[in-house]
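Engineer: Got a structure here, written out as structure tokens. Questions coming.
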Amino acid sequence: MSKKNKNISQSLRIPRVILLISKFFAFISTKLVTLFASKLFTTPIKHKVPKRELEMDRKSIQNLMLVPAINKQVMIYEYGESDKKILLVHGWSGRGTQLFKIADAFLAAGYSTLSFDAPAHGKSPGNETIMVDFIASILEINTKYGPFEAVVGHSLGGMSVLNAIKRGLNVKHAVIIGSGDIVQDILDDFISKLELKPIISTKLRLYFEKKYNEKMDDFSGYKAASEITIPVLVIHDKEDQEVPVKAGIHIHKHLKNGALILTEGLGHRKILGDSNVVQKTVEFITSK
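Residue 273 in the numbering used here is what sits at position 236 of the sequence shown, and the numbering runs on without skipping anything.
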């Protein structure tokens, strides 16, 4: 393993104390460890806004908006002035300013952008959230601030974008970058990182299905993709250590009107700032 990939892998490791607590709960009770895992799975990490995002943060019109369907608030970022609007959706533990390079490129092309801190992310209140909240937020934002010309989503934001379009978000184009795909795969990977037995992954899925009264697999990226007819560009890095490239390839395979770009050496987050990725994203939306 190269030094770069080794560093990436180490950054994704779960702290040893969390692993010990997980194993302790697993020893006591399957139900207890499932509840503990569900808490970890739905609690994002709030990172400090890095300097590179401060200009977008400063120049945005910001306000909290209630999403009645989930009774949670999200921080809205209106960036630029144009009737041609693009919706940007960050991923897990991200922020509304995280796609700032893409936002700046759209501004230069004559568009404005609207992004948001998902529930329990960034400046939005709360501690716990899940993809259901991302989707509800997108749909409410579309009602309040739409219509949008197109939507761009990263990681979990990509999955949420596909599901929002499936549920009625009306846009002309979509771009998803480093998007997750099969929900059970995501749960399996999470439980594996916790060093717990695979059965806990199934228990976790059943817990969420009972809580939200919906089949988790219905939120899988490829399932939503198979119902979408608008042009969708899928961008994924071959060396993405967080979401394997097979996810992007599988989603693209199920799109009726899809395009696929595979990058190399950009990983899961650096890809958002790559000039070629930014250019291809803007061109896909503005040239059709």
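For every residue, glycine included, the Cβ atom is placed at its ideal position computed from N, Cα and C.
Here the structure is a predicted model, which means the values were calculated and not measured.
Can you tell me whether residue 249 is buried or exposed? The criterion is at least 16 other CB atoms within 10 Å of its CB, across all chains shown.
Structural biologist: In the sequence shown, residue 249 corresponds to position 212, counting from 1. It counts as exposed.
Engineer: If residue 271 and residue 295 are in contact, beta carbons under 8 Å, what's the gap, nearest whole angstrom?
Structural biologist: Position 234 of the sequence shown holds residue 271. Position 258 of the sequence shown holds residue 295. Yes, they are in contact, since the Cβ atoms of residue 271 and residue 295 sit about 6 Å apart, within 8 Å.
Engineer: Does the CB of residue 192 have a neighbour CB from chain C at under 8 Å?
Structural biologist: In the displayed structure, chain C is absent; only one protein chain is listed.
Engineer: Regarding residue 90 and the ligand MN, is the C-beta to nearest heavy atom distance less than 7 Å?
Structural biologist: Of ligands this structure carries none, so the ligand MN is not represented either.
Engineer: From which residue to which residue does the alpha helix (DSSP H) around residue 177 run?
Structural biologist: For this step, residue 177 is matched to residue 140 along the sequence shown. Its alpha helix (DSSP H) spans residues 168–182.
Engineer: Note down, in chain order, each residue of its chain lying with its Cβ closer than 7 Å to the Cβ of residue 97, except the 5 sequence neighbours on either side.
Structural biologist: For the purposes of this step, residue 97 is taken as residue 60 along the sequence shown, with counting starting at 1. Cβ neighbours of residue 97 beyond the five flanking positions: 114, 115, 116.
Engineer: Under a three-way DSSP split, which group does residue 148 fall into?
Structural biologist: Here residue 148 is taken as the residue at index 111 of the sequence shown, counted from 1. Here residue 148 sits in coil by DSSP.
Engineer: I need the straight-line Cα distance from residue 202 to residue 65, nearest angstrom please.
Structural biologist: The residue given as residue 202 occupies position 165 in the sequence shown. The residue given as residue 65 occupies position 28 in the sequence shown. If you take the alpha carbons of residue 202 and residue 65, they lie about 42 Å apart.
Engineer: What are the uninterrupted segments assigned as beta strand (DSSP E) that are 3 or more residues long and contained completely in the region 185–226, given in chain order?
Structural biologist: Fully enclosed beta strand (DSSP E) runs of 3 or longer: 187–191, 210–214.
Engineer: From which residue to which residue does the beta strand (DSSP E) around residue 94 run?
Structural biologist: Your numbering for residue 94 matches position 57 in the sequence shown. Unbroken run through residue 94 is the alpha helix (DSSP H), 91–96; no beta strand (DSSP E).
Engineer: Can you give the beta carbon distance from residue 258 to residue 199, rounded, assuming they're within the 8 Å contact cut?
Structural biologist: Within the sequence shown, numbered from 1, the residue matching residue 258 stands at position 221. Within the sequence shown, numbered from 1, the residue matching residue 199 stands at position 162. The pair is a contact, with the Cβ atoms about 5 Å apart (cut-off 8 Å).
Engineer: Give me whichever residues DSSP pairs with residue 153 in a beta bridge.
Structural biologist: Stepping through the sequence shown from its first residue, residue 153 is reached at position 116. In the DSSP output, where bridge partners are listed per residue, residue 153 has 113.
Engineer: Taking its Cβ as the centre, do 16 or more other Cβ atoms sit within 10 Å of residue 185, making it buried, or is it exposed?
Structural biologist: Here residue 185 refers to the residue found at position 148 when the sequence shown is read from its first residue. So residue 185 ends up on the buried side.
Engineer: Quick check on the burial criterion: 16 or more other C-beta atoms within 10 angstroms. Buried or exposed for residue 92?
Structural biologist: For this step, residue 92 is matched to residue 55 along the sequence shown. With fewer than 16 Cβ atoms within 10 Å of its Cβ, residue 92 is classed as exposed.
Engineer: If you compare alpha carbons, which of 191, 165, 143, 124 is closest to residue 181?
Structural biologist: Here residue 181 refers to the residue found at position 144 when the sequence shown is read from its first residue. The shortest C-alpha separation from residue 181 is found at 124.
Engineer: DSSP three-state label for residue 271, please.
Structural biologist: Within the sequence shown, residue 271 is the residue found at index 234, counting from 1. Strand.
Engineer: In terms of DSSP beta bridges, what is residue 100 paired with?
Structural biologist: Along the sequence shown, read from residue 1 onward, the residue named residue 100 stands at position 63. Paired residues: 113.
Engineer: For residue 176 versus residue 205, is the C-beta spacing smaller than 8 Å?
Structural biologist: Reading the sequence shown from its first residue, position 139 is the one you call residue 176. Reading the sequence shown from its first residue, position 168 is the one you call residue 205. Yes.
Engineer: Thinking just about the alpha-carbon of each residue, which of 86, 51, 288 is nearest to the one in residue 74?
Structural biologist: In the sequence shown, residue 74 corresponds to position 37, counting from 1. The shortest Cα separation from residue 74 among 86, 51, 288 belongs to 51.
Engineer: Does the Cβ-Cβ distance between residue 233 and residue 106 come in under 8 Å?
Structural biologist: Within the sequence shown, numbered from 1, the residue matching residue 233 stands at position 196. Within the sequence shown, numbered from 1, the residue matching residue 106 stands at position 69. Not closer than 8 Å, so no.
Engineer: Kindly identify the DSSP beta-bridge partner or partners of residue 295.
Structural biologist: Counted from its first residue, the sequence shown places residue 295 at position 258. 269.
Engineer: Do residue 130 and residue 156 have their C-beta atoms within less than 8 Å of each other?
Structural biologist: Reading the sequence shown from its first residue, position 93 is the one you call residue 130. Reading the sequence shown from its first residue, position 119 is the one you call residue 156. No, the pair does not count as a contact, with Cβ atoms beyond the cut-off.
Engineer: For residue 330, collect the residues of the same chain with a Cβ closer than 6 Å to its Cβ; drop the 5 residues on either side in sequence, then sort them by chain order.
Structural biologist: Missing from the structure shown is residue 330; the chain here goes from 38 to 325 and no further.
Engineer: Counting along the chain, where does the alpha helix (DSSP H) carrying residue 314 start and finish?
Structural biologist: Sequence index remark: in the sequence shown, residue 314 carries index 277 (1-based). That run of the alpha helix (DSSP H) goes 312–323.
Engineer: Is it true that the CB of residue 189 sits closer than 8 Å to the CB of residue 208?
Structural biologist: Here residue 208 is taken as the residue at index 171 of the sequence shown, counted from 1. Here residue 189 is taken as the residue at index 152 of the sequence shown, counted from 1. For residue 208 and residue 189, no; Cβs fall outside 8 Å.
Engineer: So, is residue 70 buried or exposed, given that buried needs 16 or more other C-beta atoms within 10 angstroms?
Structural biologist: Taking the first residue of the sequence shown as 1, we reach residue 70 at position 33. Burial call: buried.
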